[in-house]
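Enquirer: One structure follows; several queries about it will come next.
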Ligand SMILES: NC(=O)c1ccc[n+]([C@@H]2O[C@H](COP(=O)([O-])OP(=O)(O)OC[C@H]3O[C@@H](n4cnc5c(N)ncnc54)[C@H](OP(=O)(O)O)[C@@H]3O)[C@@H](O)[C@H]2O)c1
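In our numbering, the protein residues as written are 2 to 272.
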């Protein structure tokens, strides 16, 4: 799997493993299986309430810690004291630094959001966090960060799948050297029955999900599919042995339907 060099000089794998909504031994096994199968970027968050399980899955693989990219996110309820939130995530994940740390949601309180971002920069200075970023922020909220702190966040995690591509915003990020990470990359499997995906799957001897993941990577947006099933974890990473043609990429681009599945940043979370 190739790495992408980020604007801060760090490297991130071009695909990751999502950890939302997995619990118990199943989650521990899923993380460990993902690392055995070749994923090295693990996408976690305090809000998923499973960081201890993710940490347990990571533990057998920590001898090669420098080869892993461990990312977590802070929820707005932690914005007043980000260092405590970061320290708690580090402890649960069993590591002494994070490769990526993001503000998970912007929330409505601008002063608190900016205070959190300032602390994020301090955590980076202290070496607790290597690359920083945000998720679900609006363009205006990104611009405010640039205005206050003089630089754009390095990473931006965004809902992105064929039926909700956010192409204009991803292009806006690319122009500013902000690397996008595509969350819900297969839209929780909702759209995999689309005829064009079925046809391409047949042509390449792949599944519709693999076609979609290959499409993300070809667009330089990092997909982070989640599964607790070993066969799907394996399936989702076997996407590097074929290349869609520009015409086929365009066919998938044309599946855009403005169909957002996630929450609206303007009203969520209502703390
Ligand atoms: N920053 C944010 O606000 C935010 C929001 C949402 C998600 N995320 C991150 O993005 C990651 C991925 O997004 P997501 O979990 O929402 O959705 P997703 O990865 O698009 O889809 C996951 C769902 O699809 C199923 N699945 C996985 N592989 C499959 C396959 N090959 N065929 C059929 N079904 C399959 C999984 O079920 P099984 O587990 O049962 O296999 C699970 O229910 C999350 O885990 C999280 O790390 C971030």
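Glycine residues also receive a C-beta, built at the ideal position from the N, C-alpha and C atoms.
1. Who does residue 17 pair with in a DSSP beta bridge?
2. Mind checking who residue 4 pairs with in its DSSP beta bridge?
3. When you compare each of 59, 156 and 164 to residue 40 by their alpha carbons, which one comes out closest?
4. Take the Cβ of residue 188 as the centre, count every other Cβ of all protein chains shown within 10 Å, and call the residue buried at 16 or more, exposed below.
5. Taking only three categories from DSSP, how would you classify residue 243?
6. Out of 218, 263, 269 and 204, point me to the one whose CA is closest to residue 17's CA.
7. Quick one: what's residue 74 bridged to in DSSP?
8. Quick one: grab the DSSP three-state call for residue 131.
9. With respect to 7 angstroms, is the separation between the Cβ of residue 61 and the closest non-hydrogen atom of ligand 1 below this value?
10. Just to check, is the beta-carbon of residue 44 closer than 7 angstroms to a non-hydrogen atom of ligand 1?
11. List the endpoints of the continuous beta strand (DSSP E) containing residue 44.
12. Does DSSP put residue 126 in a helix, in a strand, or in coil?
13. What is the DSSP secondary structure of residue 181, reduced to helix, strand or coil?
14. Around the C-beta of residue 6, are 16 or more other C-beta atoms found within 10 angstroms, so that it is buried, or is it exposed?
15. Which ranges would you report for the alpha helix (DSSP H) in the region 145-195 if only whole runs of at least 4 residues count?
16. Going by CA-CA distance only, name the one from 214, 227 and 261 that's closest to residue 245.
17. Whose C-alpha, out of 163, 198 and 180, is nearest the C-alpha of residue 132?
18. Name the two residues that bound the continuous alpha helix (DSSP H) containing residue 35.
19. Do you know how far the Cα of residue 107 is from the Cα of residue 138?
20. Shorter than 7 angstroms, the distance from the beta carbon of residue 1 to the closest heavy atom of ligand 1, or not?
21. Between residue 36 and residue 71, which are expected to be in contact by the criterion C-beta below 8 angstroms, what is the C-beta distance as a whole number of angstroms?
22. Cβ-heavy atom distance between residue 185 and ligand 1 below 7 angstroms?
23. From what residue to what residue does the alpha helix (DSSP H) around residue 96 run?
24. Looking at residue 225: is its Cβ nearer than 8 angstroms to the Cβ of residue 165?
25. What did DSSP end up calling residue 218 once you bin it into helix, strand or coil?
26. Quick one: is residue 158 buried, meaning 16 or more other Cβ sit within 10 Å of its Cβ, or exposed?
Expert: A quick look at the data gives this:
1. Looking up residue 17 in the chain shown gives position 16. DSSP, once it has assigned bridges, lists no residue as partnering residue 17.
2. Looking up residue 4 in the chain shown gives position 3. Partner(s): 14.
3. Within the chain shown, the letter at position 39 stands for residue 40. That would be 59, whose Cα lies nearest to the Cα of residue 40.
4. Counting from 1 along the chain shown, the entry for residue 188 is found at position 187. With 16 or more Cβ atoms within 10 Å of its Cβ, residue 188 is classed as buried.
5. If you number the chain shown from 1, residue 243 lands on position 242. DSSP places residue 243 in coil when its eight states are reduced to three.
6. Walking along the chain shown from the start, residue 17 turns up at place 16. Selection 218, 263, 269 and 204 evaluated against residue 17 yields 218 as nearest (Cα-Cα).
7. Along the chain shown, read from residue 1 onward, the residue named residue 74 stands at position 73. Looking at the DSSP assignment, residue 74 forms a beta bridge with 103.
8. Within the chain shown, numbered from 1, the residue matching residue 131 stands at position 130. Here residue 131 sits in strand by DSSP.
9. As a working mapping, residue 61 is identified with position 60 in the chain shown. Placement of the Cβ of residue 61 at a distance of 7 angstroms or more from every heavy atom of ligand 1 is found.
10. As a working mapping, residue 44 is identified with position 43 in the chain shown. Because some heavy atom of ligand 1 lies under 7 angstroms away, the Cβ of residue 44 counts as near it: yes.
11. Against the chain shown, residue 44 aligns to sequence position 43. It spans 42-44 - the beta strand (DSSP E) in which residue 44 sits, taken as one unbroken run.
12. The count along the chain shown starts at 1 and reaches residue 126 at position 125. Reduced to three states, the DSSP call for residue 126 is helix.
13. For the purposes of this step, residue 181 is taken as residue 180 along the chain shown, with counting starting at 1. Note: residue 181 maps to strand in three-state DSSP.
14. In the chain shown, residue 6 corresponds to position 5, counting from 1. Label assigned to residue 6: exposed.
15. Fully enclosed alpha helix (DSSP H) runs of 4 or longer: 168-176.
16. Taking the first residue of the chain shown as 1, we reach residue 245 at position 244. Checking every option, the nearest Cα to that of residue 245 belongs to 214.
17. Within the chain shown, residue 132 is the residue found at index 131, counting from 1. Checking every option, the nearest Cα to that of residue 132 belongs to 180.
18. Reading the chain shown from its first residue, position 34 is the one you call residue 35. Where residue 35 is concerned, the enclosing alpha helix (DSSP H) stretches over 25-38.
19. The residue you call residue 138 lines up with position 137 of the chain shown. The residue you call residue 107 lines up with position 106 of the chain shown. Near 5 angstroms, if we compare the C-alpha coordinates of residue 107 and residue 138.
20. The chain is shown only over 2 to 272; residue 1 falls outside these bounds and no answer can be derived.
21. Reading the chain shown from its first residue, position 35 is the one you call residue 36. Reading the chain shown from its first residue, position 70 is the one you call residue 71. Wrong, their Cβ atoms sit about 11 angstroms apart, outside the cutoff.
22. Position 184 of the chain shown holds residue 185. True, at least one ligand heavy atom lies under 7 angstroms from that Cβ.
23. Position 95 of the chain shown, counted from the start, is the residue given in the question as residue 96. Counting along the chain, residue 96 falls outside any alpha helix (DSSP H), and DSSP gives it neither H nor E.
24. For the purposes of this step, residue 225 is identified with residue 224 of the chain shown, where counting begins at 1. For the purposes of this step, residue 165 is identified with residue 164 of the chain shown, where counting begins at 1. Their beta carbons are not under 8 angstroms apart, which means residue 225 does not touch residue 165 by this criterion.
25. Looking up residue 218 in the chain shown gives position 217. The answer is helix: DSSP assigns residue 218 an H, G or I state.
26. Looking up residue 158 in the chain shown gives position 157. Buried.
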